[in-house]
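Novice:
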Amino acid sequence: MGIQIVNLAEHKEYFETVCQWLWKQWASDKPIEFVRYAVLHNSQIDRVPMTFVALDGEEPVGTVSFWMNDLSCRQDLSPWLASLYVDEEQRGKGIARELQNRVIEEATKLGYSDLYLITTHDDYYERFGWNFIEKAPKLSGDFTKIYSKDLRSL
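Mapping the sequence shown onto full-length UniProt numbering, position 104 (from 1) lands on 104, and the numbers just tick up by one.
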């Protein structure tokens with residue numbers, strides 16, 4: 001059947017699964033209610049911010065978000081692919097590529113010419129055609145990397 005990417009705003013039955021993934025991956029030092037509140041308000045149907053869920057049949061296997069900003073010190077860059085997550089047991093199957101492509105499709109449809117993301121991964125997003133821009137300092141004292149994708153060349 002293949003992987004299907006759906007908008008979380010239209011499939012709220014996957015809301016708690018997405019919240020649990022994001023909380024465990026990036027926000028376990030915060031109350032889960034913080035993540036639930038953020039996901040709820042980052043799940044629009046036809047405008048940014050959006051959240052998508054990858055489904056294998058009816059089983060959620062990954063998620064990604066499309067936000068106006070994911071790095072407070074770079075308000076000049078917008079919009080962003082954010083919170084890309086694939087369930088550990090499902091990795092290596094091309095789901096991350098499909099999730100990225102859905103955000104790229106939405107960004108293009110909405111008329112954006114560039115898309116950005118931040119990551120601490122090395123040599124991952126380059127495989128998907130993202131271009132490294134620079135390292136940016138984080139409040140914790142370490143650094144994150146900013147990448148861009150030119151949507152005009154797609």
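We put the beta carbon where it would ideally sit given N, CA and C, even for glycine.
I'd like to know whether the C-beta atoms of Q115 and A107 end up nearer to each other than 8 Å.
Specialist: The sequence given here has Leu at residue 115, not Gln. Their beta carbons are under 8 Å apart, which means L115 touches A107 by this criterion.
Novice: What are the boundary residues of the beta strand (DSSP E) that I45 is part of?
Specialist: Counting along the chain, I45 falls outside any beta strand (DSSP E), and DSSP gives it neither H nor E.
Novice: Given a cut-off of 8 Å on the beta-carbon distance, is the pair C73 and A136 in contact?
Specialist: Yes. Within cutoff.
Novice: Within this structure, are the beta carbons of V103 and A96 separated by less than 8 Å?
Specialist: Contact: no.
Novice: Ends of the alpha helix (DSSP H) at T17?
Specialist: F15 to W26 is the span of the alpha helix (DSSP H), which, as asked, contains T17.
Novice: Is the beta carbon of E105 less than 8 Å from the beta carbon of I3?
Specialist: No, they are not a contact pair.
Novice: Using DSSP with H/G/I as helix, E/B as strand and the rest coil, what is F101?
Specialist: Strictly speaking, residue 101 in this sequence is Asn, with Phe absent from that position. Helix at N101.
Novice: Using a 10 Å radius around the Cβ and a threshold of 16 neighbouring Cβ atoms, would you call Q100 buried or exposed?
Specialist: Counting Cβ neighbours within 10 Å, Q100 comes out buried, since at least 16 surround it.
Novice: Leaving aside the five residues before and after F15 along the sequence, list all residues of the same chain whose C-beta is less than 6 Å from its C-beta, in chain order.
Specialist: Excluding positions up to five away in sequence, the list is empty.
Novice: Among the candidates L40, N42 and Q20, whose CA atom is the shortest distance from the CA of I32?
Specialist: Of the candidates L40, N42 and Q20, the one whose C-alpha sits nearest the C-alpha of I32 is Q20.
Novice: Please determine if the region 41–51 and the region 120–130 are in contact, where contact requires at least 3 C-beta pairs separated by less than 8 Å.
Specialist: The region 41–51, when compared against the region 120–130, does not touch it at the 8 Å Cβ threshold.
Novice: Apply the 10 Å Cβ neighbour rule to K12 and answer buried if 16 or more other Cβ atoms are within range, or exposed otherwise.
Specialist: Per the 10 Å Cβ criterion, exposed.
Novice: What do you reckon, are the CB atoms on L55 and V6 nearer than 8 Å?
Specialist: Yes, these two residues count as a Cβ contact at 8 Å.
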